[in-house]
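Novice: So the protein sequences, as listed, match chains E and F.
Under our numbering, residues 267 to 499 are what the first sequence spells out, in order.
Under our numbering, residues 267 to 499 are what the second sequence spells out, in order.
C-beta: ideal position from N, C-alpha, C; glycine also.
First the structure, then my questions, so here it is.
There are 2 protein chains.
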Amino acid sequence: MTGQEKKDAKQRIYDAAISLFARKGYAAVGVREIAKTANVNISMICYYFGKKVDILKAIINECYDKYYQTILNIGDESTPTQERVRLIVRNLVEFFRANTELAMVALNTLPIDIPEIMELKIKWMSRKSKATIELYTQLGLDTNDVVKINVIRAVLTTIILEHFQFRYAWKHIMQTPNKSKYTREFIKQETIPEYNDAFYEKYSEILAELYFHGLNSIVAHNPASEEGNNTTK
Amino acid sequence: MTGQEKKDAKQRIYDAAISLFARKGYAAVGVREIAKTANVNISMICYYFGKKVDILKAIINECYDKYYQTILNIGDESTPTQERVRLIVRNLVEFFRANTELAMVALNTLPIDIPEIMELKIKWMSRKSKATIELYTQLGLDTNDVVKINVIRAVLTTIILEHFQFRYAWKHIMQTPNKSKYTREFIKQETIPEYNDAFYEKYSEILAELYFHGLNSIVAHNPASEEGNNTTK
DNA sequence: ATTTTAATCAAGCGTTCGTTTAAAACAAAC
DNA sequence: GTTTGTTTTAAACGAACGCTTGATTAAAAT
């Protein structure tokens, strides 16, 4: 009760940063804005995190950590293939639903010109590649076919992330008080459901269906006019 | 020959901005850096574009304009469905291939806190929604089923964009002189093909396959335990 | 020959950036 | 009640930010 009622300053800074980075992007948010949102002094950020980029590091680490717990928790090779696909879709959807802003920041931030972030992302992507190979093999996919791998590499994550980004943007569009002509027209034209449990149950089911049958079709796909240029290391 | 040899200043500013925005993100790039890269004085940017945000507007407009030329150029309803899917995938891949940086900037920039950009994007997205309805109908998709629409809404664009973002990032990873342990390990572990015409022909074919069969599976999908909660406006 | 227009430049406006410092406030421990 | 270590504060550092100004140049139009 001695001030434990409110979250400690570090957590408030962290939460404010996630929220602001998600909405504006990492570079567009200043430390002063984070401090103000978190109701702390500017130098608290330095005190708890060091540099601004260290907040981003913490965000990326938390996100990928949770992300990999998610995709690893889909049973082993004894589980039927379609069931595993259903599980991975369902888990991913739940992950993004529970960590929308966290995932938006971690997955959207362009790392190319921030070497430390680039390295961090590469470290995690390296893990992911290894983790997914096993699933691809079970699906019957030729993991030496670089084209097929390039097509499906990040399909699931990307599709789901895009959905939550659209949902996130939509929420902000609706909250904007003064809407332009185009915006009002767009709102009228789009049919947006309630994003509740029922929606995401159906969403996961349909996405799993699409993913499973899509994958099966390219596993079976062997073009006639192609010689084996699939192991071009 | 009177200085027409080099592109005019406005074009140099525009090209520099696209390249820098793609690599670092809009907010992380300053006008001074754009001017320096374009080899012009800072005030030329104001002279030709006005505000910094006006460069972004021009980029977004050019991108979406080309984008819609692309997705509209896939024949009409008399064209066989699978052929139209093949066409739209092929065209989209060619579009992203020819305009990678332009598309990265236009599609990745977070618009929520820049009202003018938000409006611009909404204007274009509104057009897209209308344009794709016709194709969905031909595919046999129930366009009143908000869940199915939510699943496939931006699937194609998102998948292809992700591929080119990965390719873009990979190029920069390889160009970095001092690579860390993780990076070297990642490079060794990944098999990256030559991204030439042959690759993208096969890539388009496989993606079209995945998309077509995935779509067909969800068109046919009618869950038993669901009553009609699909018109929840 | 004179005026108009378009293009370019150096310099600087006020503001905000990420970061740091040194000291105050506070807690618990002795 | 003093000490000790943690948390918080105000103030300020130099650098970079977006943007503007006023002068200069060269070509075009009159």
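Please confirm whether Glu-492 of chain E has its beta-carbon closer than 9 Å to some beta-carbon of chain F.
Specialist: If you number the first sequence from 1, residue 492 of chain E lands on position 226. Any reading at Glu-492 of chain E needs caution, since the residue's pLDDT is 49, under 50, leaving its predicted position unreliable; the model's value is listed next. It does: the Cβ of Glu-492 of chain E has a partner Cβ on chain F nearer than 9 Å.
Novice: Which of the three DSSP states is assigned to His-438 of chain F in this structure?
Specialist: For the purposes of this step, residue 438 of chain F is identified with residue 172 of the second sequence, where counting begins at 1. Helix at His-438 of chain F.
Novice: Could you tell me which chain E residues have their CB closer than 7 Å to the CB of Glu-475 of chain F, listed as they occur along the chain?
Specialist: Counting from 1 along the second sequence, the entry for residue 475 of chain F is found at position 209. By Cβ distance, chain E contributes Ser-483, Ile-484, His-487.
Novice: Can you name, in chain order, every residue of its own chain whose Cβ lies under 8 Å from the Cβ of Arg-356 of chain F, other than the five neighbours on each side?
Specialist: Along the second sequence, one-based indexing puts residue 356 of chain F at 90. Ser-470, Ala-474.
Novice: Can you find a C-beta in chain F that's less than 9 Å from the C-beta of Arg-289 of chain E?
Specialist: In the first sequence, counting from the first residue as 1, residue 289 of chain E sits at position 23. Arg-289 of chain E counts as touching chain F.
Novice: Would you mind telling me which residues of chain F sit closer than 9 Å to Ile-425 of chain E, beta carbon to beta carbon, in chain order?
Specialist: For the purposes of this step, residue 425 of chain E is taken as residue 159 along the first sequence, with counting starting at 1. Val-417, Ile-418, Ala-420, Val-421, Thr-424, Ile-425, listed in chain order.
Novice: Do you know offhand how far Lys-317 of chain F's Cα is from Asn-410 of chain E's?
Specialist: Numbered from 1 along the second sequence, position 51 holds the residue referred to as residue 317 of chain F. Numbered from 1 along the first sequence, position 144 holds the residue referred to as residue 410 of chain E. So the alpha carbons of these two residues sit roughly 49 Å apart.
Novice: Output, in chain order, the set of chain E residues within a Cβ distance shorter than 8 Å of Ile-300 of chain F.
Specialist: In the second sequence, counting from the first residue as 1, residue 300 of chain F sits at position 34. In chain order: nothing, as chain E lies at least about 14 Å away.
Novice: Consider the Cβ of Pro-443 of chain E: report whether some Cβ of chain F lies at a distance smaller than 9 Å.
Specialist: On the first sequence, residue 443 of chain E is found 177 positions in, with the first residue counted as 1. It does not: the Cβ of Pro-443 of chain E has no partner Cβ on chain F nearer than 9 Å.
Novice: In three-state DSSP terms, what is Lys-454 of chain F?
Specialist: To locate residue 454 of chain F, count along the second sequence from 1; it is residue 188. In this structure, Lys-454 of chain F counts as helix in the three-state DSSP scheme.
Novice: Rank F:Leu-376, F:Lys-389, F:Asn-482, F:Pro-381 by C-alpha distance to the C-alpha of Thr-347 of chain F and give the top, closest one.
Specialist: One-based indexing of the second sequence puts residue 347 of chain F at position 81. Considering only alpha carbons, the answer is F:Asn-482.
Novice: At 4 residues or longer, and completely inside the segment 270-307 of chain F: list those alpha helix (DSSP H) runs for me, N to C.
Specialist: Complete alpha helix (DSSP H) runs here, min 4: 275-290, 297-304.
Novice: Starting from Tyr-469 of chain F, find everything on chain E with Cβ-Cβ shorter than 7 Å and list it in chain order.
Specialist: Here residue 469 of chain F refers to the residue found at position 203 when the second sequence is read from its first residue. Chain E residues near Tyr-469 of chain F: Val-413, Asn-416, Val-417.
Novice: If I'm right that Met-370 of chain F touches Tyr-330 of chain F with Cβ under 8 Å, what's the distance once you round it to whole angstroms?
Specialist: The residue you call residue 370 of chain F lines up with position 104 of the second sequence. The residue you call residue 330 of chain F lines up with position 64 of the second sequence. That belief does not hold up - the Cβ atoms of Met-370 of chain F and Tyr-330 of chain F are roughly 14 Å apart, past 8 Å.
Novice: Is Leu-338 of chain F buried or exposed, if buried means 16 or more other CB atoms sit within 10 Å of its CB?
Specialist: Locating residue 338 of chain F in the second sequence gives position 72, counting from the first residue. Counting Cβ neighbours within 10 Å, Leu-338 of chain F comes out exposed, since fewer than 16 surround it.
Novice: Just tell me which of E:Glu-382, E:Tyr-280, E:Asp-463, E:Arg-278 has its CA closest to the CA of Lys-447 of chain F.
Specialist: Start at 1 with the first residue of the second sequence, and residue 447 of chain F comes out as number 181. When only C-alpha atoms are compared, the closest one is E:Glu-382.
Novice: Indicate the three-state DSSP secondary structure (helix, strand or coil) for Ser-483 of chain E in the structure shown.
Specialist: On the first sequence, residue 483 of chain E is found 217 positions in, with the first residue counted as 1. Helix.
Novice: Please list the terminal residues of the continuous alpha helix (DSSP H) segment that includes Ala-372 of chain F.
Specialist: Within the second sequence, numbered from 1, the residue matching residue 372 of chain F stands at position 106. Residues 366-374.
Novice: Whose Cβ in chain F lies nearer than 8 Å to the Cβ of Asp-379 of chain E?
Specialist: Against the first sequence, residue 379 of chain E aligns to sequence position 113. Here the neighbours are Arg-289, Lys-290, Ala-294.
Novice: By Cβ distance, which residues of its chain are closer than 8 Å to Ser-491 of chain E, with the 5 residues on each side in sequence left out?
Specialist: Stepping through the first sequence from its first residue, residue 491 of chain E is reached at position 225. Residue confidence for Ser-491 of chain E is low, a pLDDT of 48 falling below 50, so the modelled location carries little weight and cannot support an answer.
Novice: When DSSP labels each residue in this structure, what does Asp-411 of chain F get in the three-state scheme?
Specialist: Taking the first residue of the second sequence as 1, we reach residue 411 of chain F at position 145. Residue state, collapsed to three classes: coil.
Novice: Can you check whether the C-beta of Leu-376 of chain E is within less than 9 Å of a C-beta belonging to chain F?
Specialist: Working through the first sequence from its first residue, we reach residue 376 of chain E at position 110. Yes - at least one Cβ of chain F is within 9 Å of the one on Leu-376 of chain E.
Novice: Let's test the definition: count the other Cβ atoms within 10 Å of the Cβ of Met-384 of chain F and tell me whether it reaches 16, buried, or not, exposed.
Specialist: Here residue 384 of chain F corresponds to residue number 118 of the second sequence, with the count starting at 1. Per the 10 Å Cβ criterion, buried.
Novice: Can you find at least 3 beta carbon pairs, one from the segment 404-424 of chain E and one from the segment 456-465 of chain F, that sit closer than 8 Å?
Specialist: The answer is yes - the segment 456-465 of chain F touches the segment 404-424 of chain E, with three or more Cβ pairs under 8 Å.
Novice: Cβ of Ile-311 of chain F within 9 Å of Cβ of Ile-300 of chain F?
Specialist: Taking the first residue of the second sequence as position 1, residue 311 of chain F is located at position 45. Taking the first residue of the second sequence as position 1, residue 300 of chain F is located at position 34. Against a cut-off of 9 Å, the Cβ pair of Ile-300 of chain F and Ile-311 of chain F comes out as a contact.
Novice: Can Val-417 of chain E and Ile-484 of chain E be called in contact, C-beta distance under 9 Å?
Specialist: Your numbering for residue 417 of chain E matches position 151 in the first sequence. Your numbering for residue 484 of chain E matches position 218 in the first sequence. Yes. Within cutoff.
Novice: DSSP three-state label for Asn-527 of chain F, please.
Specialist: Residue coverage of chain F in this structure runs from 267 to 499, which leaves residue 527 of chain F outside it and unanswerable.
Novice: Taking the straight line between their C-alpha atoms, what separation do you get for Ile-425 of chain F and Leu-422 of chain E?
Specialist: Here residue 425 of chain F is taken as the residue at index 159 of the second sequence, counted from 1. Here residue 422 of chain E is taken as the residue at index 156 of the first sequence, counted from 1. So the alpha carbons of these two residues sit roughly 9 Å apart.
Novice: Leaving out five residues before and five after Gly-494 of chain F in sequence, what residues of the same chain have Cβ atoms less than 7 Å from its Cβ?
Specialist: Here the question's residue 494 of chain F lines up with position 228 in the second sequence. Confidence at Gly-494 of chain F is low in this model, with a pLDDT of 44, below 50, so the placement of that residue is unreliable and no value is reported for it.
Novice: Helix, strand or coil for Arg-419 of chain E? Go by DSSP, reduced to three states.
Specialist: Here residue 419 of chain E corresponds to residue number 153 of the first sequence, with the count starting at 1. If DSSP states are grouped into helix, strand and coil, Arg-419 of chain E belongs with coil.
Novice: Residues of the segment 344-358 of chain F in Cβ contact with chain E at a cutoff of 9 Å, in chain order, please.
Specialist: Going along the segment 344-358 of chain F in chain order, one finds no residue with a Cβ nearer than 9 Å to chain E.
Novice: Evaluate contact between the segment 276-293 of chain E and the segment 360-377 of chain E, counting only Cβ atoms and requiring at least three cross-stretch pairs below 8 Å.
Specialist: Yes, the segment 276-293 of chain E touches the segment 360-377 of chain E.
Novice: Residues of chain F with CB closer than 8 Å to the CB of Met-391 of chain E, please, in chain order.
Specialist: Taking the first sequence and counting its residues from 1, one reaches residue 391 of chain E at position 125. Per Cβ cutoff of 8 Å: Phe-452.
Novice: Compare the beta carbon distance of Phe-315 of chain E and Ile-308 of chain E with 9 Å and say whether it is the shorter of the two.
Specialist: Position 49 of the first sequence, counting from 1, holds the residue named residue 315 of chain E. Position 42 of the first sequence, counting from 1, holds the residue named residue 308 of chain E. No. Outside cutoff.
Novice: With 9 Å set as the bound, which would you pick, yes or no: does the beta-carbon of Ile-284 of chain E sit closer than that to a beta-carbon of chain F?
Specialist: Indexing the first sequence from 1 puts residue 284 of chain E at position 18. It does not; no Cβ of chain F falls within 9 Å.
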